[in-house]
Each structure stands twice: as C-alpha cells, then as structure tokens.
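In what follows, a structure is listed as structure tokens, so that the remarks can point back to it.
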Amino acid sequence: MMIANTRGFLWSDLETQALLGIWGEADVQSALDGNFRNSHVYRDVACRLAQVGFDRTPEQCRIRIKGLKRQYYQAKDGLPKGGPARKACKFFDEMDSILGARAAAGGPAPPRAGPAPEEETSREQAAEKALTGEGSSFTGHPVKVECAPFAIPVPPGHGFKHIGAQTSTPHLSQPKRPKKRHTSIPLDKMMGKLLQQSVDAEEKFFRYEEQRLKMEDKHRETERARELQMLQMLGQVLAGISSAVSQRAQPRPASPPQQRTHHRAYGDDITFNAMTAALSPPLVLERAFSLHKGHSVKDMETTFQLVRNIIPPLTTKKHKGQDGRIGIIGGCQEYTGAPYFAAISALKVGADLTHVFCTKEAAPVIKSYSPELIVHPVLDSATAVRDVETWLPRLHTLVVGPGLGRDDALLQNVKGILEKSKAKGVPLVVDADGLWLIAQQPSLIQGYPKAVLTPNYMEFSRLYEAVLRDPVDSNDHHGAVLRLSQALGNLTIVQKGERDVISDGEQVLVCSQEGSSRRCGGQGDLLSGSLGVLVHWALLAGSEKTNGLNPLLVAAFGACALTRQCNKQAFQKSGRSTTTTDMIAEVGPAFKKLFET
Ligand SMILES: NC(=O)C1=CN([C@@H]2O[C@H](COP(=O)(O)OP(=O)(O)OC[C@H]3O[C@@H](n4cnc5c(N)ncnc54)[C@H](OP(=O)(O)O)[C@@H]3O)[C@@H](O)[C@H]2O)[C@@H](O)CC1
Ligand SMILES: Nc1ncnc2c1ncn2[C@@H]1O[C@H](COP(=O)(O)OP(=O)(O)OP(=O)(O)O)[C@@H](O)[C@H]1O
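Take the sequence shown: its letters are residues 193 to 789, numbered as in the working numbering.
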C-alpha cells in the first residue's frame with residue numbers, strides 16, 4: 193500500500209479518525225490500562241496506522257491521543273452540552289464512545305488532577321501543543337487551530353490552575369463582561385505573555401522536531417544502504433563458492449612457475465577467487481567452532497621455534513634484494529617519523545631495501561633522517577597509483593599506513609594502490625591510517641589472504657564497529673579478534689596491547705613477551721616495518737616450515753615478540769626517556785636474543 197506522506201506536524205481529520213479507530217480498539221485500550229510504559233502499545237498503533245496509509249511515529253500518535261484526551265475532558269467537565277468548547281472538541285463523540293465506554297466498564301479514572309498512566313514527560317506537553325495545533329500560529333507556519341481558544345479560569349491570587357482540576361471557583365471566566373474590566377487588563381497582559389511564550393516554545397519545538405525527523409530519515413537511508421551492501425557481499429561470496437566448486441570439479445591448471453617460486457605463499461596455488469570462496473561464512477563458522485576445542489596455541493616457545501624456521505639463512509650466495517624489498521606507503525607533511533621508523537626497522541630486521549612512497553613535502557624530510565632509505569615523492573601526485581604500480585613487481589611486501597594522514601585525495605590514491613597490489617598478489621601489512629581507510633571501506637581488503645592488519649585498541653574498535661556493526665566486548669579480546677578476522681574473510685589480525693592477540697579466524701595466538709611500561713609513539717611503526725619483512729620470509733618459507741600453521745600468524749607473532757623485546761631492552765637502558773629511536777637501536781640484539789640463540 194502507498195503510505196501517505198504525513199510526516200508534517202498537523203493531523204488531518206481523516207488521519208485523526210483513523211487513529212481514533214485504532215486506539216479505540218479493545219486490545220489497544222486494555223494494553224494501555226494501568227500501564228505507565230506504553231511505548232510498545234504506540235508502536236503497534238503507529239504500525240496499524242501505517243497499514244491504513246498514514247505514516248506517523250509512535251511518539252506522534254501518543255502525543256496526538258493525549259491532546260485529544262485533554263480536549264475531550266475539558267469539553268466534558270467544564271462546559272455545557274452544546275457549548276463552544278464541546279463544539280471545539282471536534283472528535284468529542286468518537287472520544288466519548290471510547291472513553292465513556294471505558295468509564296462505564298470500570299476502566300481507570302480520567303486524568304483530572306494528575307498525570308494519567310499514558311502521560312509521561314513535560315517535553316511531550318510542549319510537543320502536544322504543537323502537534324494538536326493548540327495556541328496560535330507562528331510567522332510563516334500556518335497552524336490549524338482545532339480547539340477554539342477560550343478563557344482560562346484564573347482564581348484570584350492563585351495564578352493558573354490545571355484546566356481540568358476540580359475547583360470551587362467558576363469554571364470559566366467570562367471574557368465579554370465589561371464590568372470586570374479591572375481584572376481583564378492584567379489577564380490580557382498575562383494572556384499576551386503566555387501566547388508569546390507559547391509561540392516561542394512552538395518555534396523551538398518545530399525546529400527540534402524538524403531536525404529529529406531529518407536525522408531519522410538519514411538513519412533509515414544509511415540502514416538501507418548497509419543492508420544493500422551486505423546483500424551484495426553475500427552475493428559475491430555465493431558466486432565465489434559456485435566458481436570454486438566448479439574449479440575443484442575440473443583438473444586444476446598448473447600455476448605459473450614464477451609465482452610458485454617467488455611467493456610460495458600459504459595456499460598460493462589456488463586463485464584469489466577460490467580462496468575467497470574457501471573462506472566463505474559456513475566454513476569459517478566450522479573453523480571457529482573447532483578453535484574452542486583447543487586449537488589456540490598457548491605455548492609461546494613452540495611458536496618461537498616456528499619463527500626461527502622461517503628466517504632465511506645468511507649466505508654469500510644471495511644478491512641484494514633477495515632477503516626483502518619492502519615498500520612503505522605513508523609519510524605526509526605532519527607525519528614523517530612514522531614511515532621512517534617502519535622503513536628503518538625493516539632494514540634492521542634484515543630486509544635489503546626499503547622504499548618509502550610519501551608526499552612531495554615529506555620526502556626531503558624523510559630522506560634527511562637516513563641515507564639508507566629510498567624515498568619516492570609521489571603519493572600526492574596525480575600519477576601516484578601508476579608510479580607505485582611500476583614498483584610493485586619488485587616489492588615483496590607493502591606496509592600501508594604509517595604516517596599517511598587522512599587527506600581524502602591521498603586516501604583515494606592509496607585505495608588505487610591497494611587494488612593494484614591485490615591484483616598482483618603483493619602481501620600487505622595495513623597499519624595506522626591505512627586502517628582508517630579500511631574502516632571506511634572494508635571491502636578494500638576483505639577476503640584478501642595475503643593481508644595482515646595491525647590495529648591498536650582504538651583502531652581495532654573502529655574497524656570492528658565498521659564491519660560487525662557492534663561495539664567491541666572488551667572482556668573478550670580473543671572472541672573479538674576471531675570474529676573480526678572471520679568477518680573480513682579470515683584476514684590475519686594483530687590486536688596490539690598489553691598482550692598482543694593474533695588471529696586468522698581459525699587460530700588465536702597470544703604474544704605476552706615482556707615489554708615495558710613505556711608507551712612512546714612509534715612502537716607500532718617498528719612493529720609494522722618488522723612485520724613487513726617477516727611476512728615476506730614466512731610466505732617464502734611456506735606452511736611446511738610452520739608445521740601447517742598459517743605462516744602469516746607466525747610472522748605476526750615474531751614481529752610482536754621482537755617489538756616488545758626491543759621495548760624491554762631499550763627501557764632497561766633509558767627508562768622513562770626511552771623513545772622509538774632507542775628501541776630501533778635494540779632491533780639487532782633483540783632479534784639475536786629471541787631468534788638466533
Ligand atoms: N613520529 C611520528 O611521525 C608518528 C606518527 N604516527 C602517525 O600518526 C598518525 C595518527 O595515528 P594515531 O595512532 O595517533 O591515530 P588514531 O588511531 O586516530 O589514535 C588517536 C587517539 O586514539 C587513542 N588511542 C590510541 N591508541 C590507543 C589505545 N591503545 N587504547 C586506547 N586509546 C588509544 C588516543 O586518544 P587519547 O587517549 O589521546 O584521547 C589517540 O590520541 C598515523 O599516521 C600514525 O602512523 C604514529 O605512528 C606515532 C609516531
Ligand atoms: N600495555 C602494553 N604493554 C606492553 N606492550 C604494549 C602495550 N601496549 C602496546 N604494547 C606493544 O607496543 C607495540 C605497539 O603497540 P601500540 O598499541 O603502541 O601501537 P600504535 O598505537 O599503533 O603505535 P604508534 O604510536 O606507532 O601509532 C606492540 O607491539 C604492543 O605489543
């Protein structure tokens with residue numbers, strides 16, 4: 193049925209009659225009887241009203257009924273049959289047939305002196321006034337006056353009383369009696385003041401209500417867009433499943449030999465689509481279930497051994513670049529330290545070359561920190577995506593986000609770079625503002641099996657809420673990391689904190705290597721840079737070297753342990769004055785201590 197657009201503030205007679213018809217139904221009346229909390233009843237009333245073609249909120253319905261009841265009781269109590277107020281109560285007969293029948297059946301007493309069960313707040317009284325059209329109009333907004341203005345009884349010396357209140361004074365003042373002019377002057381003034389106040393209140397209320405309705409509409413639109421997005425994602429996943437099934441049914445074509453030797457990645461010989469399909473929700477749920485049966489790796493020493501297994505031997509047979517060419521996407525006017533920390537950490541862990549792709553302004557600054565870094569001032573150029581793309585085949589891992597900032601144009605370029613990297617199968621570590629971008633558009637990374645996200649608690653919450661539409665349960669770190677990983681298609685996630693929680697949606701590793709209580713900025717950059725190298729090594733080593741455990745989990749564990757160890761060693765020397773530079777100086781010794789002895 194077409195729903196009439198009745199979101200204005202005034203009720204038409206037709207609409208009011210429809211409302212009264214519904215409100216007067218026996219089940220509605222009995223649900224309202226004696227109930228102070230009646231919002232559920234009015235939700236139902238609004239719903240039924242929508243079914244007959246009128247779109248009103250439960251709150252609007254409740255306020256309208258309240259206004260009608262007041263008019264009815266005024267008319268019934270205070271005025272003679274056929275008098276002006278009775279005439280002003282347009283729906284007297286309808287109300288009487290409902291409320292009269294209720295009274296006859298022994299229902300609750302009408303609201304004379306105090307609030308009836310249905311009456312909840314004073315805000316609503318202002319709202320009621322505006323919705324029923326009581327009072328006058330305000331400039332530019334025609335207001336329909338349903339209840340004709342009549343004089344309000346003012347007992348001498350008592351100010352105003354509730355209109356329906358039982359009182360021994362005459363019910364109404366007689367505005368036309370000329371003899372009482374001396375009392376009518378202050379009354380006029382008071383009425384004028386009252387009217388002015390009521391106009392002001394109305395204006396305020398309309399402004400507020402307008403805003404509220406706009407926000408409601410906006411919220412509804414967002415919800416609809418979200419639902420649509422979820423449906424599209426579901427469609428893609430289903431399409432992936434069917435393509436994977438048909439691929440499995442056919443003999444699998446051999447993967448290109450170059451890809452095999454270059455990135456012997458976890459599950460690398462299946463295509464990205466098939467991988468996405470293999471990570472589809474039903475399978476993921478099964479895996480999550482198996483996790484609680486004891487797959488969680490708790491023994492840190494076992495995992496340390498797996499990290500040692502993936503570290504490539506130092507030999508004289510290799511040439512420059514083979515142990516790692518790591519790209520860093522980040523570095524803008526405000527943040528030049530973060531990309532430097534990430535890049536230099538990658539070198540100190542053992543990468544041969546690091547390339548920083550940053551903005552034009554940031555480049556000379558970053559270069560000045562260290563001659564060891566290769567710096568490309570391209571990130572804010574119109575050709576940024578193409579410029580980085582040409583380097584992609586030569587990079588083993590891309591670390592996206594340290595010091596990137598949140599400038600829209602930069603983020604747009606990074607979006608393009610992410611897409612090109614995925615298409616070329618380049619492993620990705622996403623941190624800092626890279627995670628901000630992912631929180632805006634999770635589909636950018638969803639289901640990409642060679643990605644690791646490294647959020648701190650804040651970044652994790654942002655991402656979790658963006659993807660799962662729920663606040664994070666801070667008492668269940670494991671469950672939260674596991675769920676987010678699954679929702680993102682079993683991406684490897686490292687939630688940094690007092691203990692680092694790492695999961696690929698199937699397993700959960702916890703790294704509680706001793707660090708220190710010093711939390712200087714930049715430690716996360718040390719982690720993401722180191723991780724860039726370990727990701728390359730782990731994928732190169734493959735799951736044979738990690739006892740079948742996802743190599744990315746092993747890489748993440750190694751980087752966390754290393755960062756924490758650097759923190760510990762630097763703190764032992766520098767205490768409170770420890771900075772990330774001190775930690776970077778510890779990368780070599782810490783690495784040796786953890787992985788080479
Ligand atoms: N020298 C440099 O160049 C460096 C540059 N960097 C670069 O800066 C950019 C922005 O990164 P970001 O982390 O400051 O931004 P964002 O995520 O919005 O956090 C903002 C607020 O979140 C909170 N918060 C943070 N952690 C939390 C926790 N664990 N638990 C709870 N709350 C936590 C905290 O709020 P507060 O406590 O201050 O109210 C914080 O202020 C990014 O590009 C990064 O790479 C850094 O790498 C440092 C070195
Ligand atoms: N409370 C803590 N106790 C011990 N180690 C911690 C604690 N919080 C974080 N860490 C360690 O510090 C490292 C960086 O985590 P942090 O939460 O500082 O990242 P970040 O906020 O992204 O850093 P950055 O300042 O680079 O943006 C991680 O390896 C983590 O293990």
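In this text, a Cβ means the ideal position worked out from N, Cα and C, and glycines have one as well.
- Here DSSP, grouped into helix, strand and coil, assigns R294 to helix.
- With a cutoff of 9 angstroms on beta-carbon distance, M492 and S708 are scored as not near each other.
- Residue R294 holds the alpha-carbon nearest to the alpha-carbon of A218 among K614, D269, L655, R294.
- Per DSSP, the continuous alpha helix (DSSP H) segment holding S720 begins and ends at 715 to 733.
- Excluding sequence positions up to five before and after L584, its CB lies within less than 7 angstroms of the CB of K612, S613, K616, V618, all in the same chain and listed in chain order.
- Annotated three-state conformation of V592 is strand, per DSSP.
- In this structure, Y656 has its CB at a distance of at least 8 angstroms from all heavy atoms of ligand 1.
- A Cβ-Cβ contact shorter than 9 angstroms links L627 with L645.
- Here the region 597 to 613 makes no contact with the region 647 to 655; the two share fewer than three CB pairs at distances below 8 angstroms.
- Taking the C-beta atoms as reference points, A643 is found no nearer than 9 angstroms to Y656.
- Not a single heavy atom of ligand 1 lies less than 8 angstroms from the C-beta of L744.
- For the options T551, K410, L260, Q221, the alpha carbon positioned closest to that of L603 is the one of T551.
- Membership of C550 in the beta strand (DSSP E) is indicated by the continuous run 545 to 550.
- Boundaries of the beta strand (DSSP E) harbouring L701: 700 to 703, taken from the DSSP string.
- Contact between the region 721 to 741 and the region 579 to 593 is present: three or more C-beta pairs spanning the two stretches fall below 8 angstroms.
- The secondary-structure analysis by DSSP pairs T684 across a beta bridge with V644.
- Three or more beta-carbon pairs separated by less than 8 angstroms are not found between the region 502 to 509 and the region 569 to 587, which leaves the two stretches without contact.
- By the neighbour-count criterion, in which a residue is buried when 16 or more other Cβ atoms sit within 10 angstroms of its Cβ, L211 is buried.
- Less than 9 angstroms divides the Cβ of D623 from the Cβ of D717.
- Here DSSP, grouped into helix, strand and coil, assigns V622 to strand.
- The C-beta distance from H568 to V548 rounds to 7 angstroms, short enough to meet the 8 angstroms contact threshold.
- The shortest C-alpha to C-alpha distance from G713 to any of N667, D668, S695, T773 is the one to T773.
- Counted as a single uninterrupted DSSP element, the beta strand (DSSP E) harbouring R517 occupies residues 517 to 521.
- Remark: the shortest separation between the CB of G593 and any heavy atom of ligand 1 falls under 8 angstroms.
- Taking a cut-off of 8 angstroms on C-beta distances, the region 780 to 788 touches the region 743 to 758, as three or more cross pairs fall below it.
- Put simply, the backbone Cα of G259 is about 14 angstroms away from that of K268.
- Annotated three-state conformation of S222 is helix, per DSSP.
- Y532 has its CB no nearer than 8 angstroms to any heavy atom of ligand 2.
- When the Cα atoms are used, G750 and V621 turn out to be separated by approximately 14 angstroms.
- Assigned with DSSP and collapsed to three states, H411 falls in helix.
- Of the heavy atoms belonging to ligand 1, none sits nearer than 8 angstroms to the Cβ of E553.
- Rounded to the nearest whole angstrom, the CA to CA distance from T494 to L741 is 11 angstroms.
- Taking L291 as the centre and dropping the five residues before and after it, the same chain places no C-beta closer than 6 angstroms to its C-beta.
- Here the region 760 to 770 makes no contact with the region 517 to 529; the two share fewer than three CB pairs at distances below 8 angstroms.
- The beta carbon of Y561 is closer than 7 angstroms to those of Y532 in its chain, skipping five residues each way along the sequence.
- Taking I776 as reference, the option from V700, I558, A534, L680 with the minimal CA-CA separation is A534.
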